[in-house]
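Comments concern the structure below.
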Amino acid sequence: MKSLWKLWIGLGLLILLTPLGLLARGTTWGEWAGGELKKMLGFIPEGLATLENFWKAKLAGYTLPGWNSPVLSALGYLLSAAVGVGVVIGLMFLLGRFLSTKDGNP
Amino acid sequence: MHIPDGYLGPQTYGALYALMAPLWFWASRTVKKTLRARQVPLLALGAAFAFVIMMFNVPTPGGSTGHAVGGALIAIVLGPWAAMLSLSVTLVVQALLFGDGGLTAIGANTFNMAFIMPFSAYSIYKLLKGKAEAGSKRALFAAGAAGYLSLNLSALFTGVELGLQPLLAHKPDGTPLYNPYPLQIAVPVMAAQHLLFFGWIEAVVTALVVAYLAKTDPALLEPSTREKE
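Residue numbers (the numbering used here), protein chains in the order written: chain A, 1 to 106; chain B, 1 to 229.
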């Protein structure tokens with residue numbers, strides 16, 4: 001296993017490109033908010049209405065609250081990617097510390 | 001494919017949490033036996049890659065969107081158990097910080113994308129690759145097929161879980177309490193989107209990155225660098 005630096009650079013480039021993911025508009029099938037369902041069906045299923053908002057994610061929808069203009073939402077998306085990747089990597093290193101043995105110790 | 005809160009009733013999300021708990025335990029045990037400290041960055045990279053690739057939304061006709069997952073690639077490189085842990089961490093962060101996938105649905109979403117996907121991808125890759133060399137045409141075809149099929153299997157499970165809701169939880173007059181679309185809608189829609197669009201993206205991403213790794217660092221694709229199953 002060689003050094004992984006090229007893959008880390010690749011990851012960084014992908015982060016920079018994430019705003020491209022905003023070009024696709026619309027909601028994924030089966031992931032509509034209650035309001036969207038109401039428009040489609042005329043009602044919000046009761047259980048869904050109770051459950052859907054019980055967790056408020058800080059960066060819901062990979063945007064920062066209020067960053068709505070095209071430029072800001074692209075920037076918010078990019079920042080979300082960076083934050084998310086940072087947190088995921090941090091957690092994986094933490095988990096890896098608990099789960100791994102030292103090198104050369106099979 | 002990230003099921004939000006409110007789309008699954010308690011029986012379903014509870015059952016899938018209950019199913020995942022022993023699998024996570026078993027995955028940790030299996031990974032603990034074989035993971036070396038120097039392989040940890042690769043695990044982190046895998047989880048981070050999955051996180052980013054899921055941000056590249058692709059439109060489909062009809063105004064819907066979706067994305068590849070990267071789960072097949074990670075399974076091929078890390079092996080299925082380590083891939084399961086990496087993808088689970090990614091999905092938990094997506095739910096907690098970004099509201100992508102519900103908290104109640106973490107069991108379901110990890111079952112679909114962090115269990116079904118890496119295990120099916122890994123088996124399909126092994127089966128189709130046979131004894132062919134890591135960068136050979138056959139191995140790349142195996143990688144692409146593993147990406148395509150595993151994403152579709154994962155989507156199928158998601159469609160079934162969603163589609164069961166009107167049957168499992170409804171008011172006396174039949175009004176659904178959670179996801180309102182029955183199996184005969186949820187399954188075909190999920191299947192069509194992934195068979196026609198997202199599956200191909202997953203296939204191309206998987207095959208391209210595996211081809212790149214085979215060229216630059218073939219050791220990554222040898223079983224000796226990951227856990228033995």
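For each residue, glycine too, the CB sits at the ideal point set by N, CA and C. In this text, all values refer to a predicted model and were calculated from it rather than measured experimentally.
- Residue-level contact check: L72/A does not touch chain B, since none of the beta carbons of chain B fall below 9 angstroms from its beta carbon.
- Using a Cβ-Cβ cut-off of 9 angstroms, N68/A does not count as an interface residue toward chain B, since no Cβ of chain B sits closer than that to its own.
- At a Cβ-Cβ threshold of 9 angstroms, S69/A and L22/A do not count as neighbours.
- Contact between the region 101-120 of chain B and the region 6-17 of chain B is present: three or more C-beta pairs spanning the two stretches fall below 8 angstroms.
- In this structure, DSSP gives R29/B a helical state, which the three-state scheme calls helix.
- Between M84/B and A27/B, the beta carbon gap of about 5 angstroms places them in contact (Cβ cut-off 8 angstroms).
- The region 112-120 of chain B and the region 74-83 of chain B touch, with three or more beta-carbon pairs separated by less than 8 angstroms.
- Contact annotation, F157/B with V58/B: C-beta distance approximately 21 angstroms; criterion of less than 8 angstroms not satisfied.
- Close partners of F51/B in chain A (Cβ separation under 7 angstroms): G84, V85 and V88.
- When secondary structure is reduced to three states using DSSP, V58/B falls in the strand class.
- Three or more Cβ pairs drawn from the region 121-129 of chain B and the region 69-81 of chain B lie within less than 8 angstroms of each other, which places the two stretches in contact.
- According to DSSP, residue pairing for S64/B in a beta bridge involves T60/B.
- For G90/A, the closest C-alpha among the options A48/B, A139/B and P188/B is that of A48/B.
- By the neighbour-count criterion, in which 16 or more other beta carbons inside 10 Å mark a residue as buried, D173/B falls on the exposed side.
- L59/A and L79/A have their C-alpha atoms some 10 angstroms from each other.
- Straight across, the Cα-Cα distance linking S64/B with Q193/B is about 9 angstroms.
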